[in-house]
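To start, the structure itself, in structure tokens.
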Amino acid sequence: MSYLAVKHAHMMFALISITLFMLRAWLAVPSPARINNKALKILPHVNDTLLLLLGIWLAVQIKQVPFDNSPWLTAKIVGLVLYILVGTIAIKRGKTQGQRLAAALAAIAIFAYIYGAAVSKSPLSWLAL
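Residue numbers (UniProt numbering): 1 to 129.
This is the structure we're talking about:
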């Protein structure tokens, strides 16, 4: 598979990922019990696994090693870990509606940062453009 095809697939899975997150957050902020659809519990994990595998493939192809020669990729990985942690607060671990809403908005901002780091190839994200 060509680099460009994999890159576009990675971008598509990223768009699906944030769309599914926003849908799940919209349902969960008022009450986490509202996410009782089995597909909404499984599909995001399948999508995000494919997103991660394609990201690893892309990094190998362009010879970028996080925590070594690629500060922008390191920033994306750190952002991804934060996105996951904050996302779990938004979707299930937040005790109050306010906590879940704040976490959902923070997760969306972190996702935007990750996207900016990918576009700019800089840990400064959108500030580098």
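Cβ coordinates follow ideal geometry from the N, Cα and C atoms, glycine included.
If we require 4 or more residues per run, which alpha helix (DSSP H) segments fall completely within the stretch 27-94?
38-61, 71-88
Which whole-angstrom value is the C-beta distance of Asn47 and Ile16, which I expect to be below 8 angstroms?
5 angstroms
According to DSSP, simplified to helix, strand and coil, what is Thr96?
coil
Count the C-beta pairs between the stretch 22-34 and the stretch 86-94 that are closer than 8 angstroms, then say yes if the count reaches three, no if not.
yes
If distances are taken between C-alpha atoms only, which option among Pro30, Ala128, Ser2 comes closest to Trp97?
First, the residue type needs correcting, since residue 97 is Gln and not Trp in the sequence shown. Comparing Cα positions, the closest option is Pro30.
Inter-residue Cα distance where the pair is Leu129 and Ser120:
6 angstroms
Within-7 angstroms CB hit, Asn36 to chain D:
In the structure shown, chain D does not exist; there is a single protein chain.
Assign residue 205 to one of two classes, buried (16 or more other C-beta atoms within 10 Å of its C-beta) or exposed (fewer than that).
Here the chain covers residues 1 to 129 and nothing more, so residue 205 does not appear.
What number of angstroms, rounded off, separates the C-alpha of Arg100 from the C-alpha of Ala9?
30 angstroms
Can you list, in chain order, the residues of its chain with a C-beta nearer than 6 angstroms to that of Thr74? Leave out the 5 residues immediately preceding and following it.
Pro66, Phe67
Simplified DSSP state of Met22, which is helix, strand or coil:
helix
Close Cβ partners of Ala59 (< 8 angstroms) along its chain, the five nearest in sequence each way excluded
Val65, Pro66, Ser70, Leu73
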